[in-house]
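Enquirer: What follows is a structure written as structure tokens; I'll ask about it next.
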Amino acid sequence: MPENDILQAIVANLEKINGRLEVIEERLNKVEQRLDKIEQRLDKVEQRLDMVEQRLDKVEQRVTKLEQDVQVIKQDIVILKESNKELTRRMNAVYDQVAFLTEFRTEMIMFRDEVYKRFDNLEQQTGRLKEGFEYLRDMTVEHEIDIRFLKKVVRAS
Numbered sequence: 040m041p042e043n044d045i046l047q048a049i050v051a052n053l054e055k056i057n058g059r060l061e062v063i064e065e066r067l068n069k070v071e072q073r074l075d076k077i078e079q080r081l082d083k084v085e086q087r088l089d090m091v092e093q094r095l096d097k098v099e100q101r102v103t104k105l106e107q108d109v110q111v112i113k114q115d116i117v118i119l120k121e122s123n124k125e126l127t128r129r130m131n132a133v134y135d136q137v138a139f140l141t142e143f144r145t146e147m148i149m150f151r152d153e154v155y156k157r158f159d160n161l162e163q164q165t166g167r168l169k170e171g172f173e174y175l176r177d178m179t180v181e182h183e184i185d186i187r188f189l190k191k192v193v194r195a196s
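As structure tokens, then:
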């Protein structure tokens, strides 16, 4: 084979290789473009992840605050339970006192009624005694009149 033919064959092969290299370069450019898009998307994903992390930090802070609030509420509940026990104890004491005072009042009403009955009886007896004294006084007056009359008669005779 002559040199010319060999050179032409080499040139033809180089052209084919060159064409293939161009195709490969185009494909590489497309791959690079796709990689650039993927990098942009990854950047956006990273930004979103950063935002999610910030939000999670805020949520964690809120949860921590809520946990603190729950602890305060638990302490308040314990205090309220103790206060409730004390109020219940006091209310029971008041209930017992009211029951005692009600019983005492009932006894005093019964005592008052008994005293009124006795006063009524005394008034009736006093009224009878008064009538008896008035009768005795009237009788005494009549007897004194009779005695004076008899004295006059005795003196006159």
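In this note's numbering, each number is its position in the sequence shown, counted from 1, plus 39. Each residue gets a CB set at the ideal place from its N, CA and C atoms; glycine is no exception. Quick caveat, the model's predicted, so the values are computed rather than measured.
#1: Which stretch, first to last residue, makes up the alpha helix (DSSP H) that contains S196?
#2: CA-CA distance, K76 and E61?
#3: Just how far apart, CA to CA, sit I184 and D177?
#4: Does the beta carbon of S122 sit closer than 8 Å to a beta carbon anywhere in chain D?
Expert: Considering the structure as presented:
#1: Segment: none, S196 is in no alpha helix (DSSP H) and carries neither H nor E.
#2: 22 Å
#3: 11 Å
#4: The structure shown contains no chain D; it is built from a single protein chain.
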